[in-house]
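Participant: Below is one structure. I have some questions about it.
Residue numbers (my numbering), protein chains in the order written: chain A, 27 to 474; chain B, 27 to 474.
Dropping the structure here:
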């Protein structure tokens, strides 16, 4: 029987492996020691083939169930770069952006504006103008104030802008509060229940320079449960039917956002994409038949579910320290050369991660450990409780999987620590797609 | 009777005021409308005179109680820049840095290395070497591994490096867990109780290229209670006495770190610096007499207590939206042009802030509001619950006080939002000390 990789495939990129015999973690065909030697640590290692395969899987599943009019908008906020935007363009996906900055990255990658959707609860006038000028497919409108702005700016530019309306269908997906959306008490969208959504639809229909094409919702993040998605679809279809009934206008686009959960640690059990989309398709068909509307073009916005599992962070251990706890037990503190500046999710959301020793296989017994960063802050903890080999020493390399989403994108320069590079690996070749910051980058902002 | 400013002086910089008659918030003698016109929003406005007065107050109080050998190390991690470092240098303070990046800022300001102290639980070899080369006053050693590194690098450079030992005196100051330090189960320092501290002291004494000069502790952040400080002092003095008794060596430096709380909202009641230092002085004298040691040179490390209240964030309102809650009440969502990228403390620590309408006086009734940012995240909340005038409109300017500490220093480019500038104001003149980021700064890291 062939030896199998020690890594849990639910958490690691497809092209990462660690075998008993060779000992080292390899990603995209490159040994971690080689990556460390060439690019230093901390570093985000992105498995290009895995990223693209996940994107293509979403694309194909959407086409399978919802036909050629279905679209997958990759959510830039999870992680964006020129390189990944080029891959998405080549692989036939679309992109959603929330700001002028995210739009600038997509445009720098020559991403077709006809496949860009613009989000945000507070788009600036400049952001709206830029979006209309370059010809984005949709602006997702979030407030009456914004409808007025879009109408007026489009008029000034002699254009008619296609929009979706962001609706709040009143669903509280069971997830961490700060990443749950679409229950009523949120900053985003127009509430269906309160009548705000219908008012916004009528306003948009009456605006000369706006073409209202559909509705949108986003019910949360890191969702493991398809029931919330199905409920959202049902409410959005009913809204489309209500609008048709009351105003004779049938919207033909429905975008139900992102939120597909991923595995961070053993035991996490995210939904299979195909299975969920099949169920959603069934709910959609049933609901559209019930309310006598045509099946709209469907779009989704996965970000984390594509980039999250495709990236791994490599750190080097700097210090190892045993601390005696009050109960007399010992905890080993393993300090690495990054921390809350490159991964704030543990501090921010109590997020959990796993880690493996990457540069060698250890047969030492496991010991109760805490993985911490190098910031001057007690809360700078990457993994609060983890069993790690008791023979870890400075210079050893640790790899943390599933750091692709909201790692680099939320990174800071706290303590003037330089943000890590993102290195794409594929078939034995590595390429910097975002370079490591330098002290001179930070000092460039100083006018002291 | 003279009209008084509407601002609570406990929360606002000394040179900020808002009068009924003139209507506008002014800081450092400049109207907020002028600041917005000249520098845009969001922007951090730093009251230079207030910053320097707070720094000087610490310096003078320390000298008053502990004599000329007392030192105030400003904690760079709260906020650092070349400009503020120059002020601190001119005003006779010292600086503590945690990384090579923070050291680089101090050195770029030509800060005298003899007044720099280097912290960190996981200093890199390069950071240690740089610190020793430039001749910093103290490296605060945090682990046995690090003692070995300091000794070896100092030896290689033909130097003998002065150090303090970071001790954990086993005190849990009553504050938010992630900013509480010095109870035993933390990454920092050597535990006194476990014997690790004594072992470290003996190791340092026996290291040829290390000069052990004293001890250090840092018991937490945003502390409102002098009892924890006094207990820490007592334990450190006892440790010095124990070392003297067992090894005949009397350390003559004691640095009890930072942690002085500040007011963020009405009702916060931080300790008066002079009063606390007086109490600590009394405890120190008593304890030193009791254990028969000389009174050591004392140092402290305030960061937040200097820069926190001296800075104000100006935002412009982009959208205003009423949301009907489940109980039928209405909440007004006020979206501004920044958010968790420039102030992550509410999301990270549940931190509370206040806000005032800055560009005019409103006599409209107050309404239950939530101040949110422009990020694509439900948790992007700056102030969860605040009563604000019901007539706020897009374009109005809101000012959030007490954002100087851990605002800009923890800022990210989440959603590719550009980090705000820091503008120093004084006597009617404004000066950019950190400029606003540009899209080109972000794209400069792309190698896609």
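Virtual Cβ for every residue (Gly too), placed ideally from N, Cα, C.
Keep in mind the model is a prediction, meaning the values are calculated, not measured.
Are residue 363 of chain A and residue 102 of chain B close, meaning C-beta to C-beta below 8 angstroms?
Facilitator: Contact flag unset, no.
Participant: Are the C-beta atoms of residue 473 of chain A and some chain B residue less than 8 angstroms apart?
Facilitator: Yes - at least one Cβ of chain B is within 8 angstroms of the one on residue 473 of chain A.
Participant: Return helix, strand or coil for residue 174 of chain B, following the three-state DSSP convention.
Facilitator: It is helical.
Participant: Contact defined as beta carbons within less than 8 angstroms: I believe residue 306 of chain A pairs with residue 255 of chain A. What is the distance between those atoms, to the nearest angstrom?
Facilitator: With a Cβ gap of about 6 angstroms, residue 306 of chain A and residue 255 of chain A count as contacting.
Participant: Does residue 30 of chain A get closer than 8 angstroms to chain B when you measure Cβ to Cβ?
Facilitator: No, its Cβ sits nowhere closer than 8 angstroms to a Cβ of chain B.
Participant: Assess contact between the segment 69-87 of chain A and the segment 334-350 of chain A, defined as three or more Cβ pairs (one per stretch) separated by less than 8 angstroms. Is contact present?
Facilitator: The segment 69-87 of chain A, when compared against the segment 334-350 of chain A, does touch it at the 8 angstroms Cβ threshold.
Participant: With H, G and I counted as helix, E and B as strand and the rest as coil, what does DSSP make of residue 83 of chain B?
Facilitator: Residue state, collapsed to three classes: helix.
Participant: Is there contact here, the segment 87-105 of chain B with the segment 308-325 of chain B, by at least three beta-carbon pairs under 8 angstroms?
Facilitator: The answer is yes - the segment 308-325 of chain B touches the segment 87-105 of chain B, with three or more Cβ pairs under 8 angstroms.
Participant: Find the nearest neighbour of residue 155 of chain A within the set A:181, A:171, A:147, judged by alpha-carbon distance.
Facilitator: Residue A:181 is the option with its Cα nearest to residue 155 of chain A.
Participant: Can you grab the Cα-Cα spacing for the pair residue 352 of chain B / residue 401 of chain A, in whole Å?
Facilitator: When rounded, the distance between both Cα atoms is 42 angstroms.
Participant: Under a three-way DSSP split, which group does residue 127 of chain B fall into?
Facilitator: Of the three classes helix, strand and coil, the one that applies to residue 127 of chain B here is helix, per DSSP.
Participant: For a contact meaning CB atoms closer than 8 angstroms, what does residue 125 of chain B contact in chain A?
Facilitator: Within 8 angstroms Cβ-Cβ: 400, 441, 442, 443.
Participant: DSSP on residue 379 of chain B, reduced to helix/strand/coil?
Facilitator: Residue 379 of chain B falls in the coil class under three-state DSSP.
Participant: Taking buried to mean at least 16 other C-beta atoms within 10 Å of its own C-beta, is residue 27 of chain A buried or exposed?
Facilitator: Here residue 27 of chain A scores only 42 on pLDDT, less than 50, and its place in the model is too uncertain to base an answer on.
Participant: When Cβ atoms are compared, which residues of the segment 330-351 of chain A fall closer than 8 angstroms to chain B?
Facilitator: If the cut-off is 8 angstroms between Cβ atoms, the segment 330-351 of chain A has 344, 345, 346, 347, 349, 350, 351 near chain B.
Participant: Anything in the segment 161-190 of chain A with a Cβ closer than 7 angstroms to a Cβ of chain B? List those residues in chain order, please.
Facilitator: So the close ones are 169, 171, 172.
Participant: Is the segment 392-411 of chain A touching the segment 35-42 of chain A, taking contact as three or more C-beta pairs under 8 angstroms?
Facilitator: No, the segment 392-411 of chain A is not in contact with the segment 35-42 of chain A.
Participant: Looking at chain B, which residues of the segment 351-381 of chain A have a Cβ within less than 8 angstroms of any of its Cβ atoms?
Facilitator: Listed by position along the chain: 351, 352, 357, 359, 361, 362, 363, 370, 373, 374.
Participant: For residue 193 of chain A, tell me which candidate among A:158, A:145, A:174 has the shortest Cα-Cα distance.
Facilitator: Of A:158, A:145, A:174, the residue nearest in Cα terms is A:145.
Participant: Suppose you measure from the CA of residue 262 of chain B to the CA of residue 117 of chain B; what does that come to, to the nearest Å?
Facilitator: Answer to the nearest angstrom: the Cα atoms are 29 angstroms apart.
Participant: List the residues of chain A whose Cβ lies closer than 9 angstroms to the Cβ of residue 105 of chain B, in chain order.
Facilitator: Per Cβ cutoff of 9 angstroms: no residues; residue 105 of chain B is ~11 angstroms from chain A at best.
Participant: CA-CA distance, residue 476 of chain B and residue 445 of chain A?
Facilitator: Because chain B spans 27 through 474 in this model, residue 476 of chain B falls outside it and cannot be assessed.
Participant: Quickly, what does DSSP pair residue 311 of chain B with across the bridge? List them, please.
Facilitator: Paired residues: none, contrary to the question.
Participant: Give me the residue from B:85, B:77, B:84, B:87 with the minimum Cα distance to residue 107 of chain B.
Facilitator: The shortest C-alpha separation from residue 107 of chain B is found at B:77.
Participant: Using the Cα positions of residue 461 of chain B and residue 61 of chain B, report the straight-line distance between them to the nearest angstrom.
Facilitator: Answer to the nearest angstrom: the Cα atoms are 14 angstroms apart.
Participant: Output the distance between the C-alpha atoms of residue 220 of chain A and residue 229 of chain A, rounded to the nearest integer angstrom.
Facilitator: About 16 angstroms.
Participant: Closest to residue 84 of chain A by C-alpha separation, out of A:297, A:142, A:430, A:379, would be which residue?
Facilitator: Among A:297, A:142, A:430, A:379, the Cα nearest to that of residue 84 of chain A belongs to A:297.
Participant: Considering Cα atoms alone, identify which of A:233, A:439, A:98, A:148 is closest to residue 140 of chain A.
Facilitator: Cα-wise, what sits closest to residue 140 of chain A is A:98.
Participant: Starting from the beta carbon of residue 61 of chain B, find every residue of chain A whose beta carbon is closer than 8 angstroms, and list them in chain order.
Facilitator: Neighbours of residue 61 of chain B on chain A: none; closest Cβ ~16 angstroms, over 8 angstroms.
Participant: Check the Cβ of residue 150 of chain B against every Cβ in chain A and list those closer than 7 angstroms, keeping chain order.
Facilitator: Here the neighbours are 344, 363.
Participant: Could you list the residues in the segment 242-268 of chain A with a C-beta less than 7 angstroms from some C-beta on chain B, going in chain order?
Facilitator: Listed in sequence order: no entries.
Participant: Going by other Cβ atoms of all chains shown within 10 Å of its Cβ, with 16 needed for buried, is residue 159 of chain A buried or exposed?
Facilitator: It counts as exposed.
Participant: Which two residues bound the contiguous beta strand (DSSP E) that contains residue 410 of chain A?
Facilitator: Residue 410 of chain A -> beta strand (DSSP E) spans 407-415.
Participant: Taking DSSP as the reference, what is the three-state secondary structure of residue 322 of chain B?
Facilitator: Coil at residue 322 of chain B, not helix or strand.
Participant: Can a CB atom of chain B be found closer than 8 angstroms to the CB of residue 233 of chain A?
Facilitator: Chain B, which has no Cβ nearer than 8 angstroms to the Cβ of residue 233 of chain A, makes this no.
Participant: On the premise that residue 142 of chain A lies in contact with residue 162 of chain A, defined as a C-beta separation below 8 angstroms, what is that separation, rounded to the nearest angstrom?
Facilitator: 4 angstroms between Cβ atoms; contact.
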